[in-house]
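Numbering-wise, numbering that gives the first Met the number 0 puts 336 at position 337 of the sequence shown, and it's gapless, one number per residue.
Even glycine gets a Cβ: it sits at the ideal position worked out from N, Cα and C.
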Amino acid sequence: MLTLPHRPLRIMGASVLALAIAALIAVLLAAILAAADNAGGTSRIDIAHLLRMTALQAGPTTLLSLSVGVALAWALNRLRFFGRDVVVGLFAAAIVTPGMVVAFGLLSIWGRNGWINQVSNALFGVTFESPAYGLGGILLAHVILDGAFAARILLARLDAVPASRLKVGQSLALSASQRFRLIDWPAMRGSLPGLGSIIFLLAFTSFPIVLLLGGGPANQTLEVAIFTAVRLDFDLVGAVRLALTQIGVCAVVILLASAFTPVPSALSRSSQPTWRDGPGARALQTLVLVLATLGFALPLLSVLYDGIVGGLLRVLGQETFWRATATSIAIGTASALLTLALALVLALGRGAAANGGLRLGLGVPVYAYLAVPAVVLSLGFFLVVRNLGLKHSIAAPMVVVFANVLLALPFAIATVGPPIDAIARTRGKLIRSLGISGWVQFAAIEYPLLGRDIGLMLALAFCFSLGDLGVIALFGTQDFQTLPLMMYRALGSYRNNDAAAIAALLLIFTIAAFVGLPRLIERIAHAPRR
């Protein structure tokens with residue numbers, strides 16, 4: 000039960016903002032629908048085939064990622080070793096690791112001139128066909144990212160098992176299999192449907208991984224087909240039909256997912272295990288952990304090695320690289336700050352609202368991205384800019400920032416919303432007794448308690464924007480490009496050394512922001528209290 004005093008200004012601000020977001024989404028969808036009605040001619044795009052291929056990639060990705068996540072969470076929950084926090088943090092970073100960096104890492108290892116073929120050719124004079132292209136490579140890249148993400152979420156569920164339950168199980172001398180069946184599986188089971196829905200949507204709307212590893216039209220997905228139809232073929236009829244198909248499928252998945260337990264995104268530090276299994280189980284857990292860590296870390300290490308050893312100095316000497324870096328940082332910073340402002344207004348308004356229907360209404364527009372993915376949003380913005388006759392050079396930066404904000408808002412609200420609700424429950428009486436409100440309430444009570452969550456929200460928004468290719472792909476030009484777009488163009492021009500260097504720097508920037516921002520903001524939030 001919420002105990003905060005009535006805060007009409009917070010509720011009003013959140014309501015106005017939610018309506019504005021809903022109106023913007025409605026305008027974008029209206030532009031897409033109008034283009035579908037007004038466009039003449041026909042399109043030869045085979046939507047049924049694309050839908051089958053998209054589902055064929057998303058379905059196995061979901062099953063494999065959940066399986067990897069369960070096994071890896073089980074292993075991490077049991078094992079105690081030096082550097083455990085680093086390994087857990089590595090898997091937590093999967094949510095912000097750019098997909099195109101992982102895809103490039105797979106090519107560095109499994110490509111025609113990758114590490115595997117180089118070693119095989121040197122030792123045995125044999126080379127292998129690259130398994131990194133096509134459906135296999137796409138599934139592998141998705142499972143690397145989504146499996147690590149699932150493992151971190153499920154590990155949090157295992158860490159939340161009450162100590163009293165563990166003590167009872169330990170006193171009963173449960174075996175490893177009995178403990179998993181009676182304690183671990185019930186703790187994780189409730190999160191699997193919701194987590195599976197999120198992974199399915201992430202794979203269903205995947206863009207850079209399929210673009211780089213698809214290997215041709217046979218493995219195209221709806222998202223890539225929309226980009227191809229608009230950017231390469233200028234087939235607006237086909238693009239609009241594809242967009243409507245994707246919106247419909249994603250909306251159905253979201254409606255189904257809404258019935259399941261929500262998945263937390265604000266994760267505390269993982270606790271050290273206190274009840275360890277026997278030698279046989281520990282050997283299996285160690286094997287799972289080693290394989291998973293190698294599978295996730297090797298592509299990233301290959302990107303760093305190839306980038307630093309290859310064309311790093313050449314790229315650092317290019318003026319276009321520094322312009323792209325400045326553009327990426329500017330867009331990422333603007334997107335993160337705007338996401339922070341909007342998310343706080345919405346979350347504080349929801350925290351002050353006691354009516355369940357109002358709280359639901361304030362949250363629904365925020366999750367529009369889950370039903371209207373990046374390339375579809377970009378198509379809507381593209382059509383609006385085209386219809387209004389706006390200059391591309393002026394509209395493009397603003398469109399990219401706004402689109403990235405819409406992409407980051409669901410994760411931002413999921414990060415900061417639960418802590419704000421917890422403050423309303425646990426500090427509401429204190430706030431009421433002190434008679435404070437507005438900025439004083441936020442600065443004195445809420446901000447110090449939200450420091451790390453605000454930092455995580457900023458990091459997520461910044462990293463999503465920094466690594467995004469789906470939005471900039473439709474609006475980028477030679478004079479307006481970000482690091483992901485520059486990397487994609489380098490690959491398209493067969494400048495692999497340049498692409499490797501850009502990928503390495505992009506990975507370094509992303510990990511540094513994801514690790515550093517939460518700690519920095521938490522320290523700033525607690526500074527006045529020292």
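| Query | Result |
| --- | --- |
| Across the region 145–164 and the region 183–201, are there enough close Cβ pairs to call them in contact, namely three or more that are closer than 8 Å? | yes |
| Taking Cβ to Cβ, would you say VAL87 is nearer than 8 Å to LEU134? | no |
| So, are the CB atoms of VAL404 and PHE380 less than 8 Å apart? | no |
| Closer than 7 Å by C-beta to PRO517: which residues in its own chain qualify, once you throw out the five before and the five after it? Chain order, please. | ARG451, GLY454, LEU455 and ALA458 |
| Take ARG240 and list the residues in its own chain whose beta-carbon comes closer than 8 Å to its own, dropping the five residues that flank it on each side. | ALA35, SER42, ILE44 and ILE46 |
| Can you name the start and end residues of the alpha helix (DSSP H) that GLU222 belongs to? | 221–226 |
| Could you check how far apart the C-beta atoms of VAL375 and GLN219 are, in whole angstroms? I think they sit under 8 Å. | About 15 Å separates the two Cβ atoms, so there is no contact after all. |
| Taking the C-alpha atoms as reference points, what is the distance between GLY316 and ALA323? | 13 Å |
| Could you round the C-beta distance between LEU181 and GLY168 to whole angstroms and report it? I think they count as a contact, below 8 Å. | 7 Å |
| Tell me whether GLU128 is buried or exposed, calling it buried when 16 or more other Cβ atoms sit within 10 Å of its Cβ. | exposed |
| For my contact list, ALA72 and LEU288 are in at a C-beta cut-off of 8 Å; report their separation, rounded to the angstrom. | The pair is not a contact, with the Cβ atoms about 11 Å apart (cut-off 8 Å). |
| Using the Cα positions of ARG529 and ARG426, report the straight-line distance between them to the nearest angstrom. | Below a pLDDT of 50, predicted positions are generally treated as unreliable, and ARG529, at 49, falls in that range; the measurement from the model is reported next regardless. For ARG529 and ARG426, the distance between alpha carbons rounds to 21 Å. |
| Of the choices PHE206, ALA524 and PHE474, whose alpha-carbon is the least far from that of ALA394? | PHE474 |
| How is the alpha helix (DSSP H) around LEU283 delimited, first residue to last? | 278–308 |
| Nearest by alpha-carbon distance to ALA224: which of LEU389, GLY469 and SER119 is it? | GLY469 |
| Near SER119, what residues of its chain come up, given a Cβ to Cβ distance below 7 Å and the 5 sequence neighbours on each side ignored? | VAL125, THR126 and PHE127 |
| In three-state DSSP terms, what is TYR132? | coil |
| Using CA coordinates, which residue listed in ASP467, LEU504 and LEU63 is at the minimum distance from GLY98? | ASP467 |
| For GLN117, count the other beta carbons within 10 Å of its own beta carbon; 16 or more makes it buried, fewer makes it exposed. Which is it? | exposed |
| What is the rounded straight-line gap between the Cα of SER174 and the Cα of ALA280? | 9 Å |
| Going by CA-CA distance only, name the one from ILE137, SER190, SER170 and ARG230 that's closest to THR204. | ILE137 |
| Let me know if ALA352 comes out buried or exposed under the rule of 16 or more other beta-carbons within 10 Å of its beta-carbon. | buried |
| Which value, in whole angstroms, describes the spacing of the CA atoms of LEU201 and ARG522? | 33 Å |
| Take the Cβ of THR96 as the centre, count every other Cβ of all protein chains shown within 10 Å, and call the residue buried at 16 or more, exposed below. | buried |
| Does the separation of the CB atoms of LEU105 and ALA70 fall below 8 Å? | no |
| How is the alpha helix (DSSP H) around PHE441 delimited, first residue to last? | Taken as a continuous stretch (DSSP letters only), PHE441 belongs to no alpha helix (DSSP H), as it is neither H nor E. |
| Quick check: the region 5–15 against the region 333–352, are at least 3 beta-carbon pairs closer than 8 Å? | yes |
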